[in-house]
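Since the structure comes first, as structure tokens, the remarks are kept for the end.
Residue numbers (the working numbering): 20 to 457.
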């Protein structure tokens, strides 16, 4: 059913594109994801959607279509998986819950011994566990201080070991004195990441083009990164800086940097505090994982379902309109569509992450850490789905409530923050009810 919205500002209208996407393309939604970003069905569909979005009457109350990706349980598998994929999910979940030991190759420095330590409450979520990044700013820009163990600090170590080279005690890393900046980052939820991976690069590039044309003050920047397996340049989408493009690479990166487990794509151990001589005492110097564990973890993330939406009420529908009015949807894109996938349950599906997975200049809310092409002020738009299951908010967990998080927005988020502060009590309550329903 279509509802007629009140007249809204041009900035808010540009966000309406995401609510009208499915209505505009209908059965041809796959055109958004299968072609190059320029002079393609992707760009043509985006332009068609933009014309509808800029009109004064658009529906924000979209009933989930038949091809909407869903799950019934937070932390459960994607709906529609066949028996083989359900078996892959179960094997991946077992790997996800496994606790690594020193004999498995844990360490010598690490953050946690199991994925579930940071990604639980529920399974695949986040405990709000914070990790530390550090570096140094100077005349030549940002230095991650890799020679001192940066930029990610590993705050656990395996302790004393006795090897053929003698005894040695590995100790947790600390932020070195040479660092001029350090920042906390909480672990991100893993819900629905297979859907995020299945969105084509062309779609994200087209979305960035659309933003540049229709909401230039809040336009996002695709983070172009290298896929290790192929050497290809891809659009990043995972991590607080969108620094990783694929779940396989995201998995291998986590095994190495969070648990100290080496694998074919990440064969070199992290030197404790940058001291490579200490690696002579590494009790398991050979490859720790032949790639099977990494692949199973990637399978778990690929097949983990998106967060189920809460009940839609008159208040949440009104809150969705406020979400557009404030300008939140300019960056927190509600609906995306996947492209081809070997998993039928992931192919050509609409889903609602409430993120464009692009980089935005967040001003003082940036963490001052540079990764790849992402500057110290830029952060990836955080997906809002599953918001009610999070213990803390923003990249460093500084916000305890959604209101706190909104009020911390700076840079390209400043206008939305200012509009939020001008809402009356009824509008604010509706917006919060909408956010809590995601």
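For every residue, glycine included, the Cβ atom is placed at its ideal position computed from N, Cα and C.
Contact check, residue i vs residue j, beta carbons under 7 Å
| i | j | result |
| --- | --- | --- |
| residue 209 | residue 365 | no |
| residue 273 | residue 205 | no |
| residue 264 | residue 248 | no |
| residue 239 | residue 384 | no |
| residue 399 | residue 231 | no |
| residue 95 | residue 318 | no |
| residue 313 | residue 147 | no |
| residue 338 | residue 408 | no |
| residue 391 | residue 429 | no |
| residue 320 | residue 266 | yes |
| residue 136 | residue 177 | no |
| residue 362 | residue 446 | no |
| residue 310 | residue 286 | no |
| residue 437 | residue 346 | no |
| residue 302 | residue 188 | no |
| residue 406 | residue 454 | yes |
| residue 87 | residue 369 | yes |
| residue 431 | residue 237 | yes |
| residue 421 | residue 93 | no |
Beta bridge counterpart(s) of residue i as assigned by DSSP
| i | result |
| --- | --- |
| residue 96 | 323 |
| residue 187 | 180 |
| residue 202 | 152 |
| residue 254 | 243 |
| residue 380 | 397 |
| residue 87 | 369 |
| residue 390 | 393 |
| residue 282 | 285 |
| residue 128 | 176 |
Three-state class that DSSP yields for residue i in the structure shown
| i | result |
| --- | --- |
| residue 315 | helix |
| residue 505 | Outside the shown range of the chain (20 to 457) lies residue 505, about which nothing can therefore be said. |
| residue 160 | strand |
| residue 415 | coil |
| residue 229 | helix |
| residue 267 | helix |
| residue 173 | coil |
| residue 210 | coil |
| residue 133 | coil |
| residue 422 | helix |
| residue 360 | coil |
| residue 439 | helix |
| residue 455 | helix |
| residue 450 | helix |
| residue 445 | helix |
| residue 237 | helix |
| residue 298 | helix |
| residue 194 | coil |
| residue 262 | coil |
| residue 111 | helix |
| residue 290 | coil |
| residue 427 | coil |
| residue 374 | coil |
For the segment 272-283 against the segment 125-135, do three or more pairs of beta-carbon atoms, one drawn from each stretch, fall closer than 8 Å, so that the two count as touching? yes
Ranges of the beta strand (DSSP E) found wholly within the segment 327-358, counting only runs of at least 3: none
Three-pair Cβ contact test at 8 Å for the segment 194-201 versus the segment 154-163: yes
Meets three-Cβ-pair contact criterion under 8 Å: the segment 352-362 and the segment 162-169: no
Please confirm if the segment 292-300 is in contact with the segment 99-118, defined as three or more CB-CB distances below 8 Å between the two stretches. no
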